[in-house]
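To keep things clear, I will list the structure first and then write my remarks on it.
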Amino acid sequence: MISIEGLSVAFGGNTLFDNITYVINKRDRIALVGKNGAGKSTMLKIIAGLQAPTSGCVNMPKDLTIGYLPQQMNLTDTRTVMQEAEQAFSHIFELQARIERMNNELAERTDYESADYQELIERVSNANEQLSLIGASNYQAEIEKTLIGLGFTRDDFNRDTSEFSGGWRMRIELAKLLLQRPDVLLLDEPTNHLDIESIQWLENFLATRANAVVLVSHDRAFIDNVTTRTIEISMGRIYDYQVNYSHYVVLRQERLEQQRRAYENQQKQIQDTEAFIERFRYKATKSVQVQSRIKQLAKLERVEVDEVDTSHLNLKFPPAPRSGDYPVIAEGVGKSYGDHLVFADATFTIKRGEKVAFVGKNGEGKSTMVKCIMGEISHTGTLKIGHNVKIGYFAQNQASLLDESLTVFETIDRVAVGDIRTKIRDILGAFMFGGEASDKKVKVLSGGERTRLAMIQLLLEPVNLLILDEPTNHLDMRTKDVLKQAIRDFNGTVIVVSHDREFLDGLVSKVYEFGGGRVREHLGGIYDFLESRKLESLRELEQRNPATAVTDKKVASPKAESAPAISAAPEGSKLSYEEQKELARRLRKAEKEVADTEKRVADLEAQIASLEEKLSTPEGAADTSLYEQHGQLKKQLDDAMWQWSEASETLEHLQKQGK
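This is how it looks when you write it as structure tokens:
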């Protein structure tokens, strides 16, 4: 579908890509990986046609459509959320306007027998069939489904986009891209502005409904769940693995070990050859052999070991001064802005040394609660900060608040006080800003480098309550792992606001969920929380559809129908014999539904492929009825894919319930 051939890119004498060649196929799910500065974002820009390579080319069919979401973009604020999302279907509106113009022309003309009139009728007929083929009648429902999946409510649809933050406006741009259904989606850090629920919705969309996808992301769980192919960019070359990220990490380590062994063997061979040449260089009887060895060395293709970043990021928070037993006690805390309720009656206690997560959709009050704890905004209820609590706060936009005119060293020198000023160079070196890097201007730093620099400011003064609001945005996976370990080792109390499941996993022991004007406490880690949410939503679904809960062939009483058939067993308890039988029956039914929907998807895909073969011939292209059939089959395939997705989720839940 897209062929990248002999691609090379050089900036100021430095080679970013060196003669790279690979192919993006239909339905590929590709993760572009590599260290910061390897060229991942540049690769996406070149494929999107926004940047030209130094040499080489990108070949693709003329009618191929590409959707590109950059990390940052200039956004306009002249429409409502719905109007902005409708721009994805501007081609439908243009086609409808053209049909209306032709119909008006038909109504005005009277030369019914002329060839021009007959040709106009045929053009109107073809345009109407094209409109039916692209599903013009269903676009409104698609918009609503996509916006809600990305976290918007129906109340948001008629609000001006100017009322939303930059992160929410990026969601609108993402919605427009998904609605356009391009042949290739290029996504650069799409999860930076999404909450956990929206990320999971996007995962499902990309895995089941998108065409080809090429994405850059530092969210390990996200790329594992979406991609099936990993392309690593390293030292100007690429390494193509037909596996997801987790498997790639294993295979990459094996490749590096093989390279090292080959390199060591070759170095030994070179040393032996050079020793032979040096020993017999001046012996006439060995001159032929010496010349032969010299030629061998000249022709030898040297083995290179891929560059591995050996600089060691040493992140360690200073020991926490002892605080009171309960750093944060909230009793009936509430916050509203005018008529808009953010949350009410929030009551919770955070103990000394606990590490907790604030999660929930964006706009539900996570950062607002942080500001309440910081004393930056007023609130109702009582919020007590414990004895001797010293707060260290990393804001969501902390990296963007840095003064771009300063150097890295000057940035830290201005905030450091006391003896710590004598250790600034050492601290910068520990954060990979050693040597000349400390003299770089902030304005030339990447997003990850700015975040690291902002993190240094947090380490200059000992604290015992760390509040980190989205600390992993723009950090690469290695740096995130280092930060995660540093938080684990920190002996104070930590509140983390994050949507990164992989980062929170094994880090927090308690989750506070913000949503619907409430703050709910969940004991356990992040995946325990996600699993409990899935069970809760399924129980609610069963309660809304009581007919599915009837377990007896006899007609159940209305009272019996109002409750789910199987209630969740208490943790550690076993299902009764009758409950096991019922669970087994539902498992068989779910397995059959998954198999049936998979067969239906396969049948529809085969029918569409057969029809597209006919449409590729001159005779088929002239048969307008085939276009209508094609549109109907595509709509049926979309419906079947959604049914398969829902059936698979139900089966997965039942299988876990039976364990």
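For what it's worth, the working numbering labels the leading residue of the sequence shown as 852, then goes sequentially. We put the CB at the ideal spot given by N, CA and C, even for glycine.
C-alpha gap between residue i and residue j, whole angstroms
i: residue 1258; j: residue 1060; result: 46 Å
i: residue 1053; j: residue 908; result: 31 Å
i: residue 1074; j: residue 1093; result: 14 Å
i: residue 939; j: residue 1184; result: 42 Å
i: residue 1000; j: residue 1076; result: 17 Å
i: residue 1213; j: residue 947; result: 37 Å
i: residue 1490; j: residue 1498; result: 12 Å
i: residue 1343; j: residue 994; result: 46 Å
i: residue 894; j: residue 1091; result: 14 Å
i: residue 1252; j: residue 1211; result: 25 Å
i: residue 1126; j: residue 1109; result: 26 Å
i: residue 1038; j: residue 1071; result: 15 Å
i: residue 1142; j: residue 1120; result: 16 Å
i: residue 1458; j: residue 1349; result: 44 Å
i: residue 1018; j: residue 972; result: 48 Å
i: residue 918; j: residue 1145; result: 54 Å
i: residue 975; j: residue 1480; result: 18 Å
i: residue 1373; j: residue 1363; result: 6 Å
i: residue 1505; j: residue 1282; result: 47 Å
i: residue 1398; j: residue 1450; result: Reliability fails at residue 1398, whose pLDDT of 39 lies under 50, so the model's placement of it is uncertain and the value that follows must be treated cautiously. Answer to the nearest angstrom: the Cα atoms are 26 Å apart.
i: residue 1493; j: residue 965; result: 49 Å
i: residue 1096; j: residue 1245; result: 29 Å
i: residue 891; j: residue 1088; result: 12 Å
i: residue 1248; j: residue 1153; result: 46 Å
i: residue 916; j: residue 1029; result: 12 Å
i: residue 1586; j: residue 1351; result: This structure cannot speak to residue 1586, because the chain is shown only from 852 to 1510.
i: residue 963; j: residue 970; result: 11 Å
i: residue 989; j: residue 1324; result: 36 Å
i: residue 960; j: residue 952; result: 12 Å
i: residue 911; j: residue 1021; result: 28 Å
i: residue 1273; j: residue 1320; result: 30 Å
i: residue 1328; j: residue 983; result: 46 Å
i: residue 1291; j: residue 1335; result: 27 Å
i: residue 1105; j: residue 900; result: 35 Å
i: residue 1177; j: residue 1238; result: 8 Å
C-beta contact flag for residue i and residue j at 8 Å
i: residue 896; j: residue 1062; result: no
i: residue 1484; j: residue 1455; result: yes
i: residue 872; j: residue 898; result: no
i: residue 1326; j: residue 1069; result: yes
i: residue 1025; j: residue 920; result: yes
i: residue 1296; j: residue 1309; result: no
i: residue 1278; j: residue 1260; result: no
i: residue 1221; j: residue 1318; result: yes
i: residue 1365; j: residue 1215; result: yes
i: residue 1005; j: residue 932; result: no
i: residue 1442; j: residue 1502; result: yes
i: residue 902; j: residue 1040; result: no
i: residue 1195; j: residue 1367; result: no
i: residue 1262; j: residue 1299; result: no
i: residue 1023; j: residue 978; result: no
i: residue 1311; j: residue 1266; result: yes
i: residue 905; j: residue 861; result: yes
i: residue 882; j: residue 1066; result: yes
Rounded Cβ spacing between residue i and residue j (contact assumed at less than 8 Å)
i: residue 1218; j: residue 1316; result: Between residue 1316 and residue 1218 the Cβ distance is about 16 Å, and since that is not below 8 Å, they are no contact.
i: residue 1241; j: residue 1314; result: 5 Å
i: residue 880; j: residue 1079; result: 5 Å
i: residue 1171; j: residue 1341; result: 7 Å
i: residue 1264; j: residue 1293; result: At roughly 13 Å, the Cβ-Cβ gap does not stay under 8 Å, so residue 1264 and residue 1293 are not in contact.
i: residue 816; j: residue 1140; result: The chain is shown only over 852 to 1510; residue 816 falls outside these bounds and no answer can be derived.
i: residue 1496; j: residue 1055; result: 6 Å
i: residue 1205; j: residue 1361; result: 6 Å
Any C-beta of chain D under 8 Å from that of residue i
i: residue 970; result: Judged by its chain identifiers, the structure shown contains no chain D, having just a single protein chain.
* Within the region 1205–1271, note down every full beta strand (DSSP E) run reaching 3 residues or more, in order along the chain. => 1206–1211, 1231–1236, 1242–1245
- Message: My parser needs the alpha helix (DSSP H) runs of 4 or more residues fully inside the region 1274–1322; what are they?
- Response: 1275–1281, 1298–1309
Do three or more CB pairs link the region 881–894 to the region 1081–1088 at distances below 8 Å?
yes
- Message: Quick check: the region 1177–1195 against the region 1233–1247, are at least 3 beta-carbon pairs closer than 8 Å?
- Response: yes
When you compare the region 1348–1357 with the region 1188–1203, are there three or more beta-carbon pairs, one atom per stretch, that lie closer than 8 Å? no
Inter-stretch contact at 8 Å, needing at least 3 Cβ pairs: the region 1027–1036 / the region 1002–1017:
no
At 4 residues or longer, and completely inside the region 957–1037: list those alpha helix (DSSP H) runs for me, N to C.
966–984, 990–1000, 1017–1031
>> Quick check for students: name the residue ranges of the beta strand (DSSP E) that lie wholly in the region 1114–1199, counting only runs of 3 or more.
In response: 1179–1188
Taking only runs of the beta strand (DSSP E) that begin and end inside the region 857–910, which ones reach a length of at least 3 residues, in chain order?
865–875, 880–884, 906–910
Q | Residue ranges of each beta strand (DSSP E) within the region 1337–1382, 3 or longer | A | 1344–1348, 1361–1366, 1369–1374
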